[in-house]
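Okay, structure coming up:
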């Protein structure tokens, strides 16, 4: 990708039928790996207009699921499906992943980040092999050792202060 230059492809999400066509001039030579379960990559594309366009490159899962979540929350970012299990999602600046938020909260509270996972593994080494009913039982057992409200608490603490 680094060697690809001055392509005739439009930058994903940048097409405007009434404006000039913005094509891909180049790709940034580094991809930042995001520390989450699926390890998506942050991709920066330089457009023919001189602007940088940032995307999240996801693999191993259907990007249409992300589209549905965005619809649920009323968000609008471009999603370009590359295959059944990969795609580009328009980058949302100044945001954190849910994992980052929970990790930050738990570090401040002195709670082990993977507490629920550890409890679930006490049932079986590979929780993915459990039936749905067994997964629910293991999850409920994990919730008994934690409050289960970390996300609620960190979102409340990070919410904008109202006068």
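Numbering (the numbering used here), first residue to last: 161 to 323.
Backbone N, C-alpha and C define an ideal beta-carbon position, used for all residues, glycine too.
Item: Residue range of the unbroken beta strand (DSSP E) whose run includes residue 213; Value: 212 to 219
Item: Backbone CA spacing between residue 316 and residue 274 [nearest angstrom]; Value: 22 angstroms
Item: Beta-carbon gap between residue 207 and residue 184 smaller than 9 angstroms; Value: yes
Item: The region 227 to 235 touching the region 200 to 216, judged by at least three CB pairs closer than 8 angstroms; Value: no
Item: Strand pairing of residue 206, partner residues [DSSP]; Value: 186, 212
Item: Within the region 209 to 284, ranges of the beta strand (DSSP E) (whole runs, at least 3 residues); Value: 212 to 219, 239 to 243, 246 to 250
Item: Close beta carbons around residue 170, own chain, < 7 angstroms, minus the five adjacent residues each side; Value: 181, 182, 183
Item: Contacts around residue 166, its chain only, beta-carbon distance under 7 angstroms, and the 5 residues preceding and following it disregarded; Value: 185
Item: Assigned exposure category for residue 161 - 16 Cβ within 10 Å defines buried; Value: exposed
Item: Neighbourhood of residue 283 by C-beta distance below 6 angstroms, restricted to the same chain and skipping five residues each side; Value: 298
Item: Alpha-carbon to alpha-carbon, residue 265 and residue 310; Value: 7 angstroms
Item: According to DSSP, residues forming a beta bridge with residue 170; Value: 183
Item: For residue 192: DSSP bridge partner residues; Value: 202
Item: N-terminal and C-terminal residue of the alpha helix (DSSP H) that residue 310 is part of; Value: 310 to 318
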